[in-house]
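Trainee:
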Amino acid sequence: MSQQFNVAVVGATGAVGEVMLSVLLERGFPIGELHVLASTRSAGGKVSFGNRQLVVQDLATFDPTGVDIALFSAGGSVSKEYAPKFAAAGAVVIDNSSAFRNDDDVPLVVSEVNPEQVRNRPRGIIANPNCSTMQMLTALAPIHREVGIERINVATYQSVSGTGRKALEELGRQTAALLNFQSPDPQVYPVQIAFNVIPHGGDFTDNGYTTEEMKLVWETRKILGDASIGVNATVVRVPVFYGHSEAVHIETRDKITAERARELLAQAPGIEVVDEQVAGGYPTAVTHASGSDPVYVGRIREDISHPRGLSLWVVADNIRKGAALNAVQLAELVIAER
Ligand code: A2P
308 MSQQFNVAVV GATGAVGEVM LSVLLERGFP IGELHVLAST RSAGGKVSFG NRQLVVQDLA
368 TFDPTGVDIA LFSAGGSVSK EYAPKFAAAG AVVIDNSSAF RNDDDVPLVV SEVNPEQVRN
428 RPRGIIANPN CSTMQMLTAL APIHREVGIE RINVATYQSV SGTGRKALEE LGRQTAALLN
488 FQSPDPQVYP VQIAFNVIPH GGDFTDNGYT TEEMKLVWET RKILGDASIG VNATVVRVPV
548 FYGHSEAVHI ETRDKITAER ARELLAQAPG IEVVDEQVAG GYPTAVTHAS GSDPVYVGRI
608 REDISHPRGL SLWVVADNIR KGAALNAVQL AELVIAER
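End of the sequence shown sits at 645 in our numbering; the numbers just go up one at a time, nothing left out.
(1) How would the residue list near the ligand A2P read, in chain order, if you kept each one whose beta-carbon is closer than 7 Å to any heavy atom?
(2) State the Cα-Cα distance for the pair GLU325 and SER490, rounded to the nearest angstrom.
(3) Does the stretch 524-544 come into contact with the stretch 566-585, if we say contact requires no fewer than three beta-carbon pairs (one atom in each stretch) closer than 8 Å?
(4) If the criterion is Cβ atoms closer than 8 Å, does the pair VAL343 and LEU361 meet it?
(5) Looking only at C-alpha atoms, which of PHE356, ASN625, PRO449 and SER535 sits nearest to TYR464?
(6) Report yes if the C-beta distance between SER552 and VAL461 is below 8 Å; otherwise report no.
(7) Looking at the structure shown, is GLU453 part of a helix, part of a strand, or coil, going by DSSP?
(8) For GLY390 and ALA406, what's the separation of their Cα atoms in angstroms?
(9) Does DSSP put ARG567 in a helix, in a strand, or in coil?
(10) From GLN636 to SER418, what does the alpha carbon distance come to, in whole angstroms?
(11) Would you kindly work out how many angstroms separate the C-alpha atoms of ASP365 and ASP375, rounded to a whole number?
(12) Thinking just about the alpha-carbon of each residue, which of GLU570, PRO429 and PRO371 is nearest to the one in ILE607?
(13) Go to GLN360, then tell me how far its alpha helix (DSSP H) extends in each direction, as first and last residue.
(14) Ordered along the chain, which non-local residues of its own chain (more than five positions away) have a Cβ less than 7 Å from that of ALA501?
Pasting the structure below:
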């Protein structure tokens with residue numbers, strides 16, 4: 308019989324945890340025992356795994372002994388407290404929070420970009436990048452390898468699912484309220500998100516950027532292993548349920564034509580090029596990304612304002628490739644070592 312692995316999903320009742328379970332199932336991950344964990348609030352409840360109903364266990368009282376792979380998506384403070392305990396008990400932790408991403412002894416890995424780094428995990432923890440970085444670098448890595456990227460200017464159009472289940476509910480609730488001429492009553496976001504666009508993700512930092520913007524800066528450098536790359540990001544939240552879009556403008560060391568970029572991206576793993584210069588000939592969050600695995604790239608064009616500039620439009624399901632799918636792909640890389 309082929310080898311099986313005991314898996315724990317921490318945050319199994321959340322927006323990402325739920326999709327981690329479906330991705331594990333879809334990809335036929337060789338699971339022995341499967342533990343679904345969340346807070347005391349939801350312990351004893353059930354989550355679906357195919358046609359099975361699994362009982363949610365309380366993370367606070369769970370004994371991680373015997374777990375081979377733990378997928379964490381329950382927020383940074385939960386990861387900080389529990390991921391080291393799971394790792395100490397022998398599990399390889401794949402953590403979707405930002406708790407360890409900046410640590411030198413924790414690799415930060417996009418499965419198509421720097422898969423070899425999963426082996427470099429002295430603490431038994433591998434960090435899953437931020438969703439916006441994940442899709443951007445899946446698209447940019449093939450270009451970086453060919454001509455070198457010196458600078459990235461990116462504006463994101465991020466869906467509310469990236470903020471979690473309460474944000475999905477808020478967009479639905481506000482949309483219904485406003486259509487009925489009622490007050491939107493913002494709770495998750497600082498201002499109304501329905502029918503609006505908010506240029507703010509995370510917290511403001513001293514340099515005027517937000518934490519979500521700065522993640523794009525240093526995560527890019529760490530994953531590409533190049534501290535010289537300049538990144539200028541504007542993170543924007545839009546009233547879309549699933550799928551992040553990004554307008555990405557790059558300046559490369561050597562010139563690359565739009566045609567060559569299209570050719571490279573068409574051959575690259577995890578990418579689908581949708582780039583017809585006609586109405587609807589480009590990917591969008593709703594028509595392409597939502598519920599699907601690839602990172603879609605379109606609107607590829609040479610920048611008329613810069614001799615070595617290239618512009619692209621990059622769209623992906625932030626919960627799948629941006630979180631759950633990449634986490635499971637990292638788990639696949641780990642078990643392939645054994
Ligand atoms: P719970 O449903 O019990 O609150 P989302 O990002 O969609 O809001 O999901 C967050 C996930 O993290 C949920 O599964 C949530 O479980 C879980 N979570 C939050 N806080 C804790 C905690 N202290 N211990 C374990 N799981 C937690």
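A virtual CB, placed ideally from N, CA and C, is assigned to each residue, including glycine.
Mentor: If we stick to the structure as given:
(1) VAL317, GLY318, ALA319, THR320, GLY321, ALA322, VAL323, GLY324, LEU344, ALA345, SER346, ARG348, SER349, LEU366, ALA367, SER380, ALA381, GLY382, VAL385, GLY471, ARG472 and LYS473
(2) 31 Å
(3) no
(4) yes
(5) ASN625
(6) no
(7) helix
(8) In the sequence on display, residue 390 carries Ala and not Gly. The straight-line gap from Cα to Cα measures roughly 10 Å.
(9) helix
(10) 6 Å
(11) 18 Å
(12) GLU570
(13) Careful: GLN360 lies outside any alpha helix (DSSP H), inside the beta strand (DSSP E) at 359-362.
(14) LEU478, GLN481, THR482, LEU485, PRO491 and PRO546
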